[in-house]
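In the numbering used here, the protein residues as written are 886 to 1212.
Think of the CB as a built atom: it goes at the ideal place given N, C-alpha and C, for glycine as much as any other residue.
Read the structure below first, then the notes.
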Ligand SMILES: Cc1cc2nc3c(=O)[nH]c(=O)nc-3n(C[C@H](O)[C@H](O)[C@H](O)COP(=O)(O)OP(=O)(O)OC[C@H]3O[C@@H](n4cnc5c(N)ncnc54)[C@H](O)[C@@H]3O)c2cc1C
């Protein structure tokens, strides 16, 4: 089906105009990315479900996005219907209902104000609840998957509630990150939270936020670019690794990158942060291709020095089929 035909069919399902060729750099925290074939900001969950159902039933490629804080979009853009999820209603309680377009931090604040604990780790994680689900977002040994009761989604052209097992969560992973994942739109969730004193919850969150500010570079990034490595064997080989990490067999990706002397290493406008080696930052003029080349170089160097291939936490999205020579 041509994009004109898709536009014509989708327009009656949408309450606002669909945009063509929307530059994705406006919607990603890395500030790179070419155009989306069609782009629609969806605000109502029923509309979201209907559009997703229609696209899945007709085999139209869709890309659901939240705040673009965990994606590297190709300079050639995304040949798909990009749905920017702005469905953000929440009903707060020990069993909280939340739509997936709510900002993760906003959800924390609402639950904390209601004296409910569990989401403190979300402070400082930009992005939506939907993006958090796909990558099982977390920090300080807590993950979103631990709190889930049920998930509402559209998959195989059908709106349904499923148990969290459906997502096959593991460390910064779910089945929706994997190649050949079924096209799926996550609509809403039910979460289990624990009552606690508001001031205690906010104090815990403030402490986590303080630790984060100390470590995190302020420039445009997508957070940690690579996943940490879980390997007792590798940890044993690294005498400089702090003992608590060696004991649990966790090797931070930033530790390996820094040990390769790559802090400050630059390709075009993309650079390994000097503050935190696992953050690849945009110096202001980077292209997606710069980030791709830099990430590949980092992986190669870490492999040569330590014999492990770093896995990317940031998802590469869009058309990467041709060699890129800049935007
Ligand atoms: C400064 C900074 C710090 C960060 N710190 C952390 C951290 O501590 N821990 C951590 O885990 N992450 C961290 N991140 C990464 C990122 O913020 C999280 O992964 C976040 O949850 C992504 O949400 P998003 O809405 O921006 O997702 P996007 O980047 O928009 O999308 C990410 C993926 O999720 C999919 N997706 C999003 N919404 C839906 C939906 N409703 N249905 C189906 N698929 C969907 C997209 O298709 C895409 O594949 C950080 C990022 C930054 C920039």
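Cβ distance (whole Å) where residue i is taken to contact residue j below 8 Å
i: residue 1201; j: residue 957; result: 5 Å
i: residue 1030; j: residue 1010; result: So it is not a contact: roughly 14 Å between Cβ atoms.
i: residue 989; j: residue 1012; result: 6 Å
i: residue 918; j: residue 954; result: Wrong, their Cβ atoms sit about 13 Å apart, outside the cutoff.
i: residue 971; j: residue 1019; result: Going by Cβ atoms, the distance from residue 971 to residue 1019 rounds to 17 Å, so no, they are not a contact pair.
i: residue 908; j: residue 920; result: 6 Å
i: residue 1016; j: residue 952; result: 7 Å
i: residue 1021; j: residue 1054; result: 5 Å
i: residue 1042; j: residue 941; result: 4 Å
i: residue 1175; j: residue 1153; result: 4 Å
Residue i, enclosing alpha helix (DSSP H) - first and last residue
i: residue 1069; result: From DSSP, residue 1069 is part of no alpha helix (DSSP H) but of the beta strand (DSSP E) over 1069–1077.
C-alpha gap between residue i and residue j, whole angstroms
i: residue 1073; j: residue 963; result: 25 Å
i: residue 966; j: residue 900; result: 16 Å
i: residue 1000; j: residue 1080; result: 6 Å
i: residue 1115; j: residue 1132; result: 11 Å
i: residue 998; j: residue 1204; result: 43 Å
i: residue 1083; j: residue 1138; result: 35 Å
i: residue 987; j: residue 1057; result: 20 Å
i: residue 1193; j: residue 1130; result: 17 Å
i: residue 1108; j: residue 931; result: 32 Å
i: residue 1066; j: residue 1085; result: 40 Å
i: residue 1135; j: residue 1119; result: 9 Å
i: residue 933; j: residue 1162; result: 38 Å
i: residue 1183; j: residue 1160; result: 16 Å
i: residue 980; j: residue 939; result: 31 Å
i: residue 1093; j: residue 924; result: 35 Å
i: residue 946; j: residue 1126; result: 44 Å
i: residue 1212; j: residue 1047; result: At residue 1212 the pLDDT is 47, less than 50, meaning the model places this residue with poor confidence and gives no usable figure here.
i: residue 1027; j: residue 1006; result: 7 Å
i: residue 1199; j: residue 914; result: 11 Å
i: residue 1033; j: residue 910; result: 32 Å
i: residue 1059; j: residue 1113; result: 16 Å
i: residue 895; j: residue 968; result: 12 Å
i: residue 1077; j: residue 1090; result: 18 Å
i: residue 978; j: residue 949; result: 27 Å
i: residue 1052; j: residue 1141; result: 30 Å
i: residue 922; j: residue 904; result: 8 Å
i: residue 912; j: residue 1050; result: 31 Å
i: residue 995; j: residue 1036; result: 20 Å
i: residue 1075; j: residue 944; result: 29 Å
i: residue 1101; j: residue 1061; result: 27 Å
i: residue 1180; j: residue 1124; result: 26 Å
i: residue 1045; j: residue 1128; result: 46 Å
i: residue 888; j: residue 906; result: 11 Å
i: residue 1155; j: residue 1096; result: 25 Å
i: residue 974; j: residue 897; result: 24 Å
Simplified DSSP assignment, three categories, for residue i
i: residue 902; result: coil
i: residue 946; result: coil
i: residue 1058; result: strand
i: residue 925; result: strand
i: residue 1155; result: strand
i: residue 892; result: helix
i: residue 958; result: strand
i: residue 1189; result: helix
i: residue 1053; result: coil
i: residue 938; result: helix
i: residue 932; result: helix
i: residue 1212; result: Residue confidence is low: residue 1212 scores 47 on pLDDT, short of 50, so the model does not pin down where it sits. Its coordinate-derived value is still stated next. Three-state DSSP puts residue 1212 in coil, outside helix and strand.
Span of the beta strand (DSSP E), counted from its first residue to its last, around residue i
i: residue 1162; result: Here residue 1162 belongs to no beta strand (DSSP E), and DSSP marks it neither H nor E.
i: residue 1048; result: No beta strand (DSSP E) contains residue 1048, which DSSP labels as neither H nor E.
i: residue 1200; result: 1200–1202
- Quick one: complete alpha helix (DSSP H) runs, 4+ long, within the region 963–1043? 989–998 and 1014–1019
- Curious, which full-length beta strand (DSSP E) runs of at least 3 residues does the region 1061–1145 contain? 1069–1077
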